[in-house]
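Chains as they are written, first to last, in this note's numbering: chain A, 7 to 153; chain B, 156 to 359.
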């Protein structure tokens with residue numbers, strides 16, 4: 007096995023989630039129907055991603071966001087990180103950026119853009135003592151469906 | 156966190172799979188070989204696509220058809236400095252262990268937990284130790300109550316050991332070392348409500 011190109015492109019969590027969705031992964035708890043095309047280990051990745059910001063994002067919002075980010079002098083890795091994490095406050099954004107003070111980054115501007123373009127995080131039931139797999143059915147009223 | 160990797164390999168498709176369309180058969184063989192395995196480039200999550208497959212020769216004395224395949228896989232390989240949302244798995248006197256569900260070997264060693272802190276036996280779970288951060292006379296516990304954000308410090312791929320003690324931890328082919336010692340890192344509950352406070356405290 008040889009590696010032709012170890013890094014043929016970084017993927018946002020959203021893109022990986024989209025890929026798994028297109029294979030047939032879903033929130034269905036029995037997981038029998040899709041088990042032909044989606045293996046158990048892939049399902050674990052799917053479960054993780056469904057709890058992150060990626061589950062409410064759309065291709066449109068992610069592309070628009072990364073386009074608009076060009077004006078903020080951010081590194082590609084930082085834009086990727088912001089899309090994956092969807093920080094909603096200054097203190098959540100700072101660990102993502104490298105030396106923000108020296109580079110005079112417009113933190114307020116970036117947060118406003120995140121608020122405007124990226125859908126909010128999914129509302130998951132707080133995992134208390136019993137960490138059940140079944141979360142509340144994911145019907146969030148403000149979930150954008152792509153046109 | 157994830158990236159595409161292009162690979163090339165010689166794939167042997169066993170005869171019982173040859174009734175399927177070629178792409179599907181090759182994908183099945185690749186999945187069995189690579190899925191959930193750690194390669195030098197990271198943890199293989201899924202096969203993305205097959206770019207080309209040539210050959211299909213059957214070597215004498217060998218049942219499977221051999222193809223030279225070029226394909227792309229999605230690998231889990233975070234970059235150093237990336238901030239990732241994880242969940243608490245367990246902790247001991249050396250530090251914390253976090254999990255992503257599909258990947259559980261994330262360690263936050265004691266020096267990378269914000270100080271001042273203290274480590275005490277967990278009252279809810281006698282076999283574990285619990286870490287507590289002490290800041291401005293308030294105690295912040297690190298436990299499984301919420302998501303923990305950490306920043307990747309280092310990724311290492313320890314070589315496969317030739318011998319292992321009976322009770323040693325199962326071998327981890329890929330280990331991520333993370334830190335939670337920075338603004339915004341650690342359990343998210345520590346920072347909730349920070350956006351409501353004035354910004355005068357946190358412009359370091």
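Just so you know, even glycine gets a beta-carbon here, dropped at the ideal spot from N, CA and C.
Residue 225 of chain B has its alpha-carbon roughly 25 angstroms from the corresponding atom of residue 49 of chain A. Segment contact: the region 180-200 of chain B against the region 216-234 of chain B, three or more CB-CB distances shorter than 8 angstroms; contact assigned.
If you keep only unbroken alpha helix (DSSP H) runs of at least 4 residues inside the region 257-342 of chain B, you get nothing at all.
Taken through DSSP and simplified to helix, strand or coil, residue 22 of chain A comes out as helix. Using beta-carbon distances, residue 346 of chain B counts as an interface residue toward chain A, with a partner under 8 angstroms. Of the candidates B/191, B/272, B/258, B/210, the residue whose Cα lies closest to the Cα of residue 248 of chain B is B/272. For the 8 angstroms CB-CB criterion, residue 128 of chain A and residue 339 of chain B do not form a contact. Looking only at A/82, A/44, A/19, A/96, the smallest Cα-Cα distance to residue 30 of chain A is reached by A/44. Using a 10 angstroms sphere on the CB of residue 302 of chain B, the tally of other CB atoms reaches 16 or more, which defines it as buried.
Sorting B/269, B/265, B/270 by C-alpha distance to the C-alpha of residue 284 of chain B places B/265 at the top.
Residues are counted here when their Cβ sits less than 8 angstroms from a Cβ of chain A; for the region 252-266 of chain B these are 255, 256, 257, given in chain order. Look at the region 56-85 of chain A: the residues with a C-beta under 7 angstroms from a C-beta of chain B are 58, 83. Annotated as proximal: residue 342 of chain B and residue 297 of chain B, with beta-carbon spacing under 8 angstroms. Sequence-distant Cβ neighbours of residue 344 of chain B in its own chain, meaning closer than 6 angstroms and more than five residues away, are 301.
Short of 7 angstroms from the beta carbon of residue 168 of chain B, and not among the five residues preceding or following it, lie these beta carbons of its own chain, in chain order: 180, 181, 184, 219, 220, 222. A direct Cα-Cα distance of roughly 5 angstroms separates residue 11 of chain A from residue 161 of chain B.
In this structure, DSSP gives residue 33 of chain A a state outside helix and strand, which the three-state scheme calls coil.
Neighbours of residue 11 of chain A in chain B, taken as residues at a C-beta separation under 8 angstroms, are given in chain order as 160, 161. When the beta-carbon positions are compared, residue 286 of chain B and residue 311 of chain B stay at least 8 angstroms from each other. Residue pairing of residue 164 of chain B in beta bridges, as defined by DSSP: B/224. Within the region 191-222 of chain B, the complete beta strand (DSSP E) segments of 3 residues or longer fall at 197-213, listed in chain order.
Closest in C-alpha terms to residue 112 of chain A, from the list A/93, A/67, A/23, A/79, comes A/79. Counting along the chain, residue 67 of chain A sits inside the alpha helix (DSSP H) bounded by residues 65-74.
With a 10 Å radius around the Cβ and a threshold of 16 neighbouring Cβ atoms, residue 54 of chain A comes out buried. For residue 246 of chain B, the enclosing beta strand (DSSP E) starts and ends at 238-247. Boundaries for residue 120 of chain A: no beta strand (DSSP E) harbours it, while the alpha helix (DSSP H) harbouring it runs 113-123, taken from the DSSP string.
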